[in-house]
Amino acid sequence: MSITVLNPGLLTTVQDQGRIGYQQFGVSVSGVMDPRSAALANILAGNGQEEAVLECTMLGPQLRFDRANVIAITGGDLGPTLDGQPVPGYTAVAVRAGQVLRFTAPKTGCRAFVAFAGGLDIPQVMGSRSTYLKAKIGGIQGRKLEKGDIIPFRKPAEVLPRMENRRLLPEFVPQSVYTLRVVMGPQDDAFTSAGIGTFLSETYTVTPESDRMGCRLDGPAIAHVDGADIISDGIAFGAIQVPSSGTPIIMLADRQTTGGYTKIGTVITADFRILAQLKAGDKVRFIQVPVDFAQNQLLAQRAALKALSKINL
Numbered sequence: 618m619s620i621t622v623l624n625p626g627l628l629t630t631v632q633d634q635g636r637i638g639y640q641q642f643g644v645s646v647s648g649v650m651d652p653r654s655a656a657l658a659n660i661l662a663g664n665g666q667e668e669a670v671l672e673c674t675m676l677g678p679q680l681r682f683d684r685a686n687v688i689a690i691t692g693g694d695l696g697p698t699l700d701g702q703p704v705p706g707y708t709a710v711a712v713r714a715g716q717v718l719r720f721t722a723p724k725t726g727c728r729a730f731v732a733f734a735g736g737l738d739i740p741q742v743m744g745s746r747s748t749y750l751k752a753k754i755g756g757i758q759g760r761k762l763e764k765g766d767i768i769p770f771r772k773p774a775e776v777l778p779r780m781e782n783r784r785l786l787p788e789f790v791p792q793s794v795y796t797l798r799v800v801m802g803p804q805d806d807a808f809t810s811a812g813i814g815t816f817l818s819e820t821y822t823v824t825p826e827s828d829r830m831g832c833r834l835d836g837p838a839i840a841h842v843d844g845a846d847i848i849s850d851g852i853a854f855g856a857i858q859v860p861s862s863g864t865p866i867i868m869l870a871d872r873q874t875t876g877g878y879t880k881i882g883t884v885i886t887a888d889f890r891i892l893a894q895l896k897a898g899d900k901v902r903f904i905q906v907p908v909d910f911a912q913n914q915l916l917a918q919r920a921a922l923k924a925l926s927k928i929n930l
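Right under this line is the structure:
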């Protein structure tokens with residue numbers, strides 16, 4: 618009742634919706650980079666939204682199924698195949714024992730999320746199965762997948778009710794320039810009016826130094842009023858730090874819990890599905906939105922997921 622890792626891919630980790638409530642002790646939330654896509658994969662696979670999935674980055678893994686189960690793959694299109702045949706994304710797919718899931722190459726985006734009906738039999742650490750690589754906790758011994766790993770299923774299912782209806786339209790659409798909506802602050806007053814104008818008008822490029830901790834951008838420098846250093850305070854997912862170099866860093870799932878650089882704004886949660894798919898060379902621009910708009914977008918997303926999870930797909 619398991620899968621065997623034949624090839625781990627570039628970076629494949631076990632992640633769920635995150636390790637909530639431990640930032641005060643210096644423990645990162647971690648979790649999936651795209652909570653919405655992971656939730657959709659779980660809904661299609663008949664799970665609760667919070668169930669752990671495999672997050673696959675750029676070059677996905679090769680997995681042999683030692684027990685039949687139903688899977689669903691969402692997020693970016695990394696070219697999944699089953700015994701050499703293409704696997705449709707955003708669709709519940711029945712996999713037989715002995716079949717091998719492979720990912721050929723990224724076609725759109727850079728992260729895919731694989732959900733397994735019944736969930737993965739992995740112990741929780743601090744209430745979560747998420748892998749926090751820097752602290753080496755959660756997931757499979759706190760690390761990325763390796764060749765030979767065996768990951769058991771908890772309650773696999775060979776088929777789910779109404780399988781033919783368990784499909785959705787893919788959500789990620791490649792763009793020449795990606796637009797991220799941001800709420801300004803909390804230290805936007807630490808930047809000159811020209812600096813704010815630069816941030817909201819210029820286009821930035823994702824650098825190869827980006828990872829699960831932060832999305833580093835290159836582009837025109839954002840001018841501070843009087844330096845970039847502040848007394849360390851908490852950092853939210855999507856917070857945009859601007860160090861003394863003037864180039865922004867968007868903090869992501871494995872971000873540190875506190876930091877001492879000015880934060881000019883925060884990417885709204887509803888746009889994490891775009892943020893999670895950015896890769897080196899992608900172009901990004903920012904537009905400002907009010908707090909109530911960001912809140913309403915998140916509430917609408919949550920309501921849609923809740924409604925979807927309650928219907929028999």
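Residues in the sequence shown are numbered consecutively from 618, following my numbering.
Cβ coordinates follow ideal geometry from the N, Cα and C atoms, glycine included.
| request: Evaluate Val953 with the Cβ neighbour count: other Cβ atoms within 10 Å of its Cβ, from every protein chain shown; 16 or more gives buried, anything less gives exposed. | output: The requested residue 953 does not occur in the structure, where the chain is confined to residues 618 to 930.
| Phe642 classed as buried or exposed, judged by whether at least 16 other C-beta atoms fall within 10 angstroms | exposed
| In terms of residue numbering, what span does the alpha helix (DSSP H) encompassing Val908 cover? | Looking at the DSSP string, the run of the alpha helix (DSSP H) that includes Val908 is Val908 to Lys927.
| message | Among the candidates Phe770, Ser619, Lys896 and Glu668, whose CA atom is the shortest distance from the CA of Asp683? | response | Ser619
| Under three-state DSSP, which class holds Asn686? | Reduced to three states, the DSSP call for Asn686 is strand.
| task | Take Val776 as the anchor and find which of Ala685, Asp899 and Arg636 has the nearest alpha-carbon. | result | Ala685
| Do Gly836 and the ligand SAH come close, with the Cβ less than 7 Å from some heavy atom? | Here there are no bound small molecules, and the ligand SAH is not part of this structure.
| Is Thr886 helix, strand or coil when you go by DSSP? | helix
| Residue ranges of each beta strand (DSSP E) within the segment 688-721, 3 or longer | When DSSP assignments are scanned along the segment 688-721, the uninterrupted stretches of beta strand (DSSP E) that are 3 or more residues long and fall wholly within it turn out to be 697-699, 710-712 and 717-720.
| said: Does the segment 819-833 come into contact with the segment 913-921, if we say contact requires no fewer than three beta-carbon pairs (one atom in each stretch) closer than 8 Å? | reply: no
| said: Short of 6 Å in beta carbon distance, which residues of its chain neighbour Ala906, apart from the five on each side in sequence? Order them along the chain. | reply: With the sequence shown as reference, residue 906 is identified as Val, and Ala is not the correct amino acid for it. For Val906, where only same-chain residues beyond five positions count, the Cβ hits under 6 Å are Arg798.
| task | Please say whether Ile885 and Arg833 have beta carbons closer to each other than 8 Å? | result | no
| task | Go ahead and label Asn913 buried or exposed: buried means 16 or more other beta carbons lie within 10 angstroms of its beta carbon, across all protein chains shown. | result | exposed
| task | Reducing DSSP to helix, strand and coil, say where Gln641 ends up. | result | In the three-state DSSP reduction, Gln641 falls in the helix class (H, G or I).
| Cα-Cα separation, Ala811 to Met801 | 15 Å
| When the Cα atoms are used, what is the spatial distance from Ala732 to Pro697? | A straight-line Cα-Cα distance of about 13 Å links Ala732 and Pro697.
| field | Candidates Gln702, Ile904 and Thr748: closest to Ile813 by CA position | value | Comparing Cα-Cα distances from Ile813 to each of Gln702, Ile904 and Thr748, the minimum goes to Ile904.
| field | Environment of Asn659 [buried if 16+ CB atoms lie within 10 Å] | value | Of the other Cβ atoms in all chains shown, 16 or more fall within 10 Å of the Cβ of Asn659; this residue is therefore buried.
| Helix or strand or just coil, what does DSSP make of Pro625? | coil
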